Amino acid sequence: MPNENGRARLGRKILIPVLAVGILAAGAHLWLNTNLFGREDVCGGLVSTDSAEAVFSRPGRVSDRDGLDDRPRDRLHFRCTVESSSFLPGSDIERISLSGSRERGDFVFTEEGRWPSPATMSFFSGGATGGVGDHHGWVLLPGACTTADGPAVIEGYVPKGSDPVEVARLLTQVANHAAERADCAAERPLTAPGTLDTAPEPRPVRDGAVCGLPGLRFPGPDTPAEVTETVQDHRGGIWACEVTGYATYSVTQEPRMVAAIRSSPGFTEQPRVAGLEVSGFDSGHLVADCAGTPTYFSLEFDLGYTSAIGDPRTPRVRALLDNFAEVVGKRFGCSTATS
Numbered sequence: 000m001p002n003e004n005g006r007a008r009l010g011r012k013i014l015i016p017v018l019a020v021g022i023l024a025a026g027a028h029l030w031l032n033t034n035l036f037g038r039e040d041v042c043g044g045l046v047s048t049d050s051a052e053a054v055f056s057r058p059g060r061v062s063d064r065d066g067l068d069d070r071p072r073d074r075l076h077f078r079c080t081v082e083s084s085s086f087l088p089g090s091d092i093e094r095i096s097l098s099g100s101r102e103r104g105d106f107v108f109t110e111e112g113r114w115p116s117p118a119t120m121s122f123f124s125g126g127a128t129g130g131v132g133d134h135h136g137w138v139l140l141p142g143a144c145t146t147a148d149g150p151a152v153i154e155g156y157v158p159k160g161s162d163p164v165e166v167a168r169l170l171t172q173v174a175n176h177a178a179e180r181a182d183c184a185a186e187r188p189l190t191a192p193g194t195l196d197t198a199p200e201p202r203p204v205r206d207g208a209v210c211g212l213p214g215l216r217f218p219g220p221d222t223p224a225e226v227t228e229t230v231q232d233h234r235g236g237i238w239a240c241e242v243t244g245y246a247t248y249s250v251t252q253e254p255r256m257v258a259a260i261r262s263s264p265g266f267t268e269q270p271r272v273a274g275l276e277v278s279g280f281d282s283g284h285l286v287a288d289c290a291g292t293p294t295y296f297s298l299e300f301d302l303g304y305t306s307a308i309g310d311p312r313t314p315r316v317r318a319l320l321d322n323f324a325e326v327v328g329k330r331f332g333c334s335t336a337t338s
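For the record, in the sequence shown the residue sitting at position 1 is 0 according to numbering that gives the first Met the number 0, with numbers rising by one throughout.
Written out as structure tokens, the structure is:
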């Protein structure tokens, strides 16, 4: 009997340290490799760590690196980097780069190298207005946040392969928090979409029916067999077509986007296009009235077109603009002089 008691005491002496080490190891793992005991929000309260975790590809400890970098003069102008780190072997630090800024209202349709082609993004509207691409997304803030400097937008760069619905949810949440912080929140909070359409795949261009529209001219001297087009024609209030290397056509009647465009600095009356009375920023970025609905048209040219301007077979810019407004405008109820 004494021997049995001794063995039991010895077993407990061995078991207790083992359990203690196991508990410490488990605690260290949860502390270093997950956000279980971490902060609930980062970036000055703009980002919930739960929403950020859903965007990252794997669990990790969520932090905001250097914190929120903002400008006191405009609380909707800020930057913040959210990181997910882990000490597990082979784990790299993942990052989400978030920013708030003021942009010209048609920012997503302008070619600056910063915004992906509108034909390749998944757009959403209704509860909130925004778009998500391969590793980039944005959400427009409520109209009350617009100032003389233009509308405000939340932008985010995320790891490739992130769930686009979770990206939209994160950016919408940040937009709500940013609007509250700047005292310009709408009566009802913005709501993220539950689903998103898949971005379209490129396809060959059909001669005489560019972007699948009979009568729309090719923006170049001819239609090379190898040229492809990507057509965005899903829900979200935006129609867009990128003719790879040549031009990108875009049209939207989405109310929040059109309101943002019309309230931007530099928006003014422009010369008629295809007989339509228009206003906008220049001849390629215009708003027309189509059956009582303000409708935005954008035509951006790429190197394939600009390098062929000297070829007499290449249509002039003005001719392409008129053709675009006439052919695509019919889909949106625009009554042109040539209709």
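Ideal Cβ placement from N, Cα and C applies to all residues, glycine included.
Quick caveat, the model's predicted, so the values are computed rather than measured.
- What residue range is occupied by the uninterrupted alpha helix (DSSP H) comprising H176? 163 to 180
- Item | Residue ranges of each beta strand (DSSP E) within the stretch 99 to 166, 3 or longer | 121 to 123, 129 to 131, 135 to 139, 151 to 156
- Message: Between the stretch 242 to 252 and the stretch 266 to 277, can you find at least three pairs of beta-carbon atoms closer than 8 Å?
- Response: no
- Among T171, T194, E200, L195, nearest to E187 - alpha-carbon criterion: Position check: residue 187 holds Arg in this sequence, whereas Glu was assumed. Per the Cα distances, T171.
- Message: With a threshold of 7 Å on Cβ separation, who are the neighbours of G99 within its own chain once the five nearest residues in sequence on each side are excluded?
- Response: L75, H76, F77, A151, I153, A177
- For G193, does the three-state DSSP call read helix, strand or coil? coil
- From which residue to which residue does the beta strand (DSSP E) around G279 run? 275 to 281
- Query: Alpha carbon to alpha carbon, how far is P223 from V81?
  - Reply: 45 Å
- Query: Where does the unbroken alpha helix (DSSP H) through I237 begin, and where does it stop?
  - Reply: Taken as a continuous stretch (DSSP letters only), I237 belongs to no alpha helix (DSSP H), being part of the beta strand (DSSP E) at 237 to 242.
- Message: Between M120 and G130, how many whole angstroms is the CB-CB distance? I'm expecting something under 8 Å.
- Response: 4 Å
- In DSSP terms, what Q231 is bridged to: A239
- Got a sec? Which residues, its chain only, sit under 7 Å from V257 by beta carbon, not counting five neighbours each side? T251, V286, P293, Y295
- Around the C-beta of I95, are 16 or more other C-beta atoms found within 10 angstroms, so that it is buried, or is it exposed? buried
- Task: Using 7 Å as the cut-off, classify the Cβ of G214 as near or not near the heavy atoms of the ligand SAH, replying yes or no.
- Result: Looking for the ligand SAH in the displayed structure turns up nothing, as the structure carries no ligands at all.
- Any chance you could list the alpha helix (DSSP H) runs of at least 4 consecutive residues sitting entirely within the stretch 243 to 316, in chain order? 254 to 261, 302 to 305
- Message: Going residue by residue through the stretch 38 to 100, where are the continuous beta strand (DSSP E) segments of at least 3 residues, counting only ones entirely within it?
- Response: 60 to 62, 68 to 70, 73 to 84
- Check the DSSP bridge columns for P203 and list the partner residues they point to. T227
- Is F323 helix, strand or coil when you go by DSSP? helix
- Close Cβ partners of L9 (< 7 Å) along its chain, the five nearest in sequence each way excluded: With a pLDDT of 48 at L9, under the threshold of 50, the modelled position of that residue is not reliable, and no figure is offered here.
- Task: Could you tell me which of V54, D232, C210, A239 sits nearest to V226, measuring between CA atoms?
- Result: C210
- Through-space distance from S83 to D63, alpha-carbon basis: 9 Å
- Contact check, Y245 vs P218 under 8 Å by CB: the rounded distance? 5 Å
- Under three-state DSSP, which class holds G214? coil
- Message: Counting C-beta neighbours from all protein chains within 10 Å, is the total for L319 16 or more, i.e. buried, or is it exposed?
- Response: buried
- Rounded straight-line distance, which links the Cα of T243 to that of S306: 14 Å
- Query: Does DSSP put A318 in a helix, a strand or coil?
  - Reply: helix
- Message: What does the alpha-carbon distance come out to for the pair C79 and E102?
- Response: 18 Å
- Euclidean distance between Cα positions of G328 and W238: 11 Å
- Query: Looking only at its own chain, which residues have a Cβ that is under 7 Å from the Cβ of V326, when we skip the five neighbours before and after it?
  - Reply: L212, G214, L215
- Message: With a threshold of 7 Å on Cβ separation, who are the neighbours of D301 within its own chain once the five nearest residues in sequence on each side are excluded?
- Response: G244, Y245, A246
- Message: Between the alpha carbons of P163 and E228, how many angstroms are there, rounded?
- Response: 23 Å
- Query: So, using beta-carbon positions, are L97 and G155 closer together than 8 Å?
  - Reply: yes
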